[in-house]
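Trainee: Just so you know, the sequence shown maps onto residues 281 to 541 in the working numbering.
Heads up, the beta-carbon is just placed ideally off N, CA and C, and yes, glycines get one too.
All figures in this text were calculated on a predicted structure; none of them were measured in a lab.
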Amino acid sequence: MLKKEKCIQAIQKWAETKSDFSKVNKLIDPTKGFRFDKSDREWLKKNNDNSQFHIYAGVHDDKFILILVPLDKEGAEVQLDKYLTKKLSHLKYDITLVEKEVVTTVSKTRLSKSLEIEKFWQEVDYPVINEPSITEKASAKDIEQWKYNCLDWFYYECTTFKGKYIFNAFTVPYADLESGDEDQDDVVALFGFKKSFIYQKHLPILIFIATNHKEGNPIEVRTGKILKVNSDQTSTLPVNTLDWVHPCPPLCKDRPTYGFL
Numbered sequence: 281m282l283k284k285e286k287c288i289q290a291i292q293k294w295a296e297t298k299s300d301f302s303k304v305n306k307l308i309d310p311t312k313g314f315r316f317d318k319s320d321r322e323w324l325k326k327n328n329d330n331s332q333f334h335i336y337a338g339v340h341d342d343k344f345i346l347i348l349v350p351l352d353k354e355g356a357e358v359q360l361d362k363y364l365t366k367k368l369s370h371l372k373y374d375i376t377l378v379e380k381e382v383v384t385t386v387s388k389t390r391l392s393k394s395l396e397i398e399k400f401w402q403e404v405d406y407p408v409i410n411e412p413s414i415t416e417k418a419s420a421k422d423i424e425q426w427k428y429n430c431l432d433w434f435y436y437e438c439t440t441f442k443g444k445y446i447f448n449a450f451t452v453p454y455a456d457l458e459s460g461d462e463d464q465d466d467v468v469a470l471f472g473f474k475k476s477f478i479y480q481k482h483l484p485i486l487i488f489i490a491t492n493h494k495e496g497n498p499i500e501v502r503t504g505k506i507l508k509v510n511s512d513q514t515s516t517l518p519v520n521t522l523d524w525v526h527p528c529p530p531l532c533k534d535r536p537t538y539g540f541l
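#1: Please name the residue, chosen from D534, C430, F301 and L541, that lies closest to K442 on a Cα-to-Cα basis.
#2: Which runs of the beta strand (DSSP E) fall wholly inside the segment 350-389 and span at least 3 residues, in chain order?
#3: Which residues share a DSSP beta bridge with W401?
#4: Using the Cβ count rule (16 or more neighbours within 10 Å means buried), how would you classify H370?
#5: Look at the Cβ atom of C528, then the Cβ atom of T451, and state whether they are nearer than 8 Å.
#6: In the DSSP assignment, find the beta strand (DSSP E) that holds Y454 and state where it starts and stops.
#7: Under a Cβ-count criterion, where at least 16 other Cβ atoms within 10 Å of its own Cβ denotes burial, should P453 be classed as buried or exposed?
#8: Just tell me which of S476, R390, N448 and W323 has its CA closest to the CA of D534.
#9: Determine contact between the segment 384-403 and the segment 340-358, defined as no fewer than three beta-carbon pairs at a distance below 8 Å.
#10: Tell me where the alpha helix (DSSP H) around T297 begins and ends.
#11: Is Y436 helix, strand or coil when you go by DSSP?
#12: Report the three-state DSSP secondary structure of I423 (helix, strand or coil).
#13: Exposed or buried, what is V468 when buried is set at 16 or more other beta-carbons lying within 10 Å of its beta-carbon?
#14: Residue range of the beta strand (DSSP E) that F314 falls in?
#15: Please classify P350: is it buried, with 16 or more other beta-carbons within 10 angstroms of its beta-carbon, or exposed?
#16: Could you check if P536 is buried or exposed, using at least 16 other CB atoms within 10 Å of its CB as the buried criterion?
#17: In whole angstroms, what is the alpha-carbon distance linking L541 and L531?
#18: Pick out whichever of T491, D352 and K427 has its Cα sitting closest to the Cα of L360.
#19: In terms of alpha-carbon separation, which member of T311, A356, L282 and K293 lies closest to K372?
#20: Whose CA, out of L324, S394 and E285, lies closest to the CA of H340?
#21: Could you tell me which residues DSSP pairs with C528 in its beta bridges?
#22: Which term fits M281, buried or exposed, when burial requires 16 or more other beta carbons within 10 angstroms of its beta carbon?
#23: Assign V386 to buried or exposed, taking buried as 16 or more other Cβ atoms, counted over all protein chains shown, within 10 Å of its Cβ.
#24: Once DSSP output is grouped into helix, strand and coil, what is the label at P484?
#25: Tell me, please, which residues DSSP counts as bridged to G338.
Put into structure tokens, the structure is as follows:
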């Protein structure tokens, strides 16, 4: 936890730092992430009253941190004396991402009035029609893209635009940090790159993974599940825009609600 005044200073420090690649290079390790334990998730659940929350980028004690800011029902940031912060750090274990896909095949046979088989066909129902197309495999590729390309991306943004389009904050679906599974261990947040067809370039995002240690597996191995919005967590059909973290900049339509910027 970090006092509000210190959080504001950390956010300002990142804003000052992100234009200088040599400084960014010392702060950002492409192989590191953020770990949220049960007490962290309970803190957010207690203070957040919205389907989303905010995460700010900051620099505190010469370390890159994330600052979590809850939202109220109206989408305004909740005013607290202290906010939860997480330092960029190494993972302690390997993660095996598990994804189950149910494909339903329906076989149909048409009989004529004279009881002759006129037609036989099959219809295949894929789950992607009714669910967001954010898969474990795609997310793993997004994470790997960050590992291999983020420093080149930072260098380009720093030298070309003086860091103007490097993220200051993120709007995050609350479901990304709340899986509803009481038996889960930590939730790990990792950076990734997602292709934007609007901007015609890759945008940095945060990908949240619920981890669990299964009995019989080595202690350094966890199974993981990408956390995302379920169909019963939104009143409209789930789409990608509701289901992934939005970095600001460049996706700043919620800019008026970012009270710390």
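Mentor: The structure says:
#1: F301
#2: 362-367 and 374-377
#3: K388
#4: Result: exposed.
#5: Closer than 8 Å, so yes.
#6: Taken as a continuous stretch (DSSP letters only), Y454 belongs to no beta strand (DSSP E), as it is neither H nor E.
#7: buried
#8: N448
#9: no
#10: K284 to T297
#11: helix
#12: helix
#13: buried
#14: F314 to F316
#15: Buried, by the Cβ-count rule.
#16: exposed
#17: 14 Å
#18: D352
#19: T311
#20: Considering only L324, S394 and E285, the residue with the shortest C-alpha distance to H340 is E285.
#21: A449
#22: exposed
#23: exposed
#24: Looking at P484 - three-state DSSP - the assignment turns out to be strand.
#25: I345
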